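Residue numbers (UniProt numbering): 1 to 535.
Encoded structure:
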């Protein structure tokens, strides 16, 4: 039997870069194939070739043994290839049925009108065939992230996809939604569909895939059966060296309160409260984590603490001073550093080179800018030190930020913020989009800062990250902290239920009050902090 997908000797060159170098990839029909690799290893480029976004410089794409030439995604879709992107391509005000059939609606009256009844019936039949639990009449803006992902998969299936590419499919899902996704993949392969998915999560690759291929520096360095390997072996294939996967959290002495938030309410851009009455305090030498599905108020909470958004009510104090109305610059000068969740919007100026981006937030630092004049020699040395210490590739301070991969952009931001000598670091999704070797390094640096007495607020949708690093862990849901827990005493399943809004105790209970949390030496609420405002 021919392979469902056979990429034969795929090479893709860009000016000055070989992104894929003679890559072979074979995927058997009715299987799940995981694609792993460091940032810049060539995974996304390879899948973009398969999906028709790029034409290969050389090599052949074969589907079911037949050579294919894709000049656009439309060609790939027509040949039976669908791609579900990490950021969903859905129209929020439209219904599930309208999103799935958009551009391919059944028609009536000689093609003059959309046959809405036939469209709905087709989606109900399609969902039933694959065991998908979706409401065809629900508006996308009213359904969960996991349901939106199923809509994206149904959209590809509606267009006749036999091979589905999923890009980081679990990035924004709760543990329960991850389980549901894997059930979906199992049902799809049982009915003959072929799945390729890109992931940074080694455990999920081993759990969901039949076979795993690893890319490094544009070349395939191995393909292994998921049942016959270990996470350690996969990490070593990816990075080319042994990687420590388990966080050695250790212990640290906590000091005085560094930051506190009292009963803040923060409205979002629509004027709707996104943070509702949150209070917390954090001490030096501890990591306070926030876990939750994206979109539950974490962003607004971070922006309020860092001065990027003014809370509507409540008070924020940093180092004993009221900073509720203080500027972003004042907070940076006071010792507050921030790794933002959106590196391109809040962390970098994409048209600036790394020398200029390394200066952001420090343009008033007398060591880099004396008497109002920037010392470009010292600033270049500063950028070079970040590039060297944090292994930013390419190691070129003159490279513009947009020319770096997302993972290398992230490493540069992390380096800039960690090297500020801060008293408080807010790390919002600090390892989003970075490879396993860089994750290990960033985690080690966070714990080093903790040992040095720095207070750290860690916001992450990766449960293994926030559980492994935090001393105390708050779970946020719809702008409130459902509970504050000891991460060592709480299971992933329990955290997943909290993230879905299930309160602990019979019939649910309100979140801990500030006084209750103090009695048990746990702050009731937490918030998030930021740094990285543009010049």
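Note that CB positions come from ideal geometry on N, CA and C, so glycine has one too.
Nothing here was measured: the structure is a model prediction, and the numbers come from that model.
Residue 151 to residue 165 span [Cα, whole Å]:
Taking the straight line from one Cα to the other gives about 15 Å.
For residue 12, which option in 43, 4, 101 has the closest C-alpha, if you only look at C-alpha atoms?
Answer by Cα proximity: 43.
Inter-residue spacing [alpha-carbon to alpha-carbon] between residue 344 and residue 356:
Residue 344 and residue 356: Cα-Cα distance of roughly 14 Å.
How many angstroms separate the CA atom of residue 469 from the CA atom of residue 199?
CA-to-CA, the gap between residue 469 and residue 199 works out to about 21 Å.
Outcome for residue 429 when other beta-carbon atoms lying within 10 angstroms are tallied against a minimum of 16:
With 16 or more other Cβ atoms inside 10 Å of its own Cβ, residue 429 counts as buried.
Would you report the Cα separation of residue 319 and residue 486, rounded to the nearest angstrom?
In a straight line, the C-alpha of residue 319 is about 25 Å away from that of residue 486.
Exposure label - residue 20; buried when at least 16 CB within 10 Å
Within 10 angstroms of the beta-carbon of residue 20 lie 16 or more other beta-carbons, which makes it buried.
Please report the straight-line C-alpha distance between residue 180 and residue 330, rounded to a whole angstrom.
The straight-line gap from Cα to Cα measures roughly 46 Å.
If distances are taken between C-alpha atoms only, which option among 252, 251, 234 comes closest to residue 244?
The option with the nearest alpha carbon to residue 244 is 234.
Is the beta carbon of residue 261 less than 8 Å from the beta carbon of residue 212?
Between residue 261 and residue 212, the C-beta spacing is not below 8 Å.
Would you check if the region 183-192 and the region 22-31 touch, i.e. whether three or more CB-CB distances between them fall below 8 Å?
Judged by Cβ distances under 8 Å, the region 22-31 makes contact with the region 183-192, as three or more pairs qualify.
For the structure I just gave you, are there three or more beta carbon pairs, one from the region 493-506 and one from the region 463-482, closer than 8 Å?
Verdict: yes, contact present.
Between the Cα of residue 418 and the Cα atoms of 434, 291, 136, 442, which residue gives the shortest distance?
Comparing Cα positions, the closest option is 442.
Using DSSP with H/G/I as helix, E/B as strand and the rest coil, what is residue 183?
Secondary structure of residue 183 (DSSP, three-state): helix.
For residue 341 and residue 465, the rounded distance between their alpha carbons
Residue 465 and residue 341: Cα-Cα distance of roughly 15 Å.
If I follow the unbroken alpha helix (DSSP H) through residue 149, where does it start and stop?
Residues 145-158.
7 Å CB neighbourhood of residue 375 in its chain, flanking five on each side removed:
Within the same chain, 368, 369 come within 7 Å of residue 375 by CB-CB distance, once the 5 residues on both sides are set aside.
Which residue comes first and which comes last in the beta strand (DSSP E) that contains residue 337?
336-339 is the extent of the beta strand (DSSP E) around residue 337.
Here's the rule I'm using: 16 or more other beta-carbon atoms within 10 Å means buried, otherwise exposed. How should residue 60 be labelled?
Classification of residue 60: exposed, given that the 10 Å Cβ count is below 16.
How do the region 61-71 and the region 115-125 stand: do at least 3 beta-carbon pairs fall below 8 Å, yes or no?
Too few Cβ pairs lie closer than 8 Å, so no.
Burial state of residue 167, where buried means 16 or more other Cβ atoms lie within 10 Å:
With 16 or more Cβ atoms within 10 Å of its Cβ, residue 167 is classed as buried.
Is residue 14 buried or exposed, if buried means 16 or more other CB atoms sit within 10 Å of its CB?
So residue 14 ends up on the exposed side.
Would you identify the three-state DSSP class for residue 13, choosing helix, strand or coil?
Judged by DSSP in its simplified three-state form, residue 13 adopts strand.
Should residue 160 be labelled buried (16 or more other beta-carbon atoms within 10 Å of its own) or exposed?
The residue is exposed, with fewer than 16 neighbouring Cβ atoms inside 10 Å.
Per DSSP, residue 194 forms a beta bridge with which residues?
According to the DSSP secondary-structure assignment, residue 194 is paired through a beta bridge with 163.
Can you tell me whether residue 273 is helix, strand or coil according to DSSP?
Looking at residue 273 - three-state DSSP - the assignment turns out to be strand.
Which residue from 135, 394, 206 puts its Cα closest to that of residue 225?
Answer by Cα proximity: 206.
Contact belief for residue 426 with residue 457 at Cβ below 8 Å, rounded distance in angstroms
Contact flag correct, Cβ pair sits at about 4 Å.
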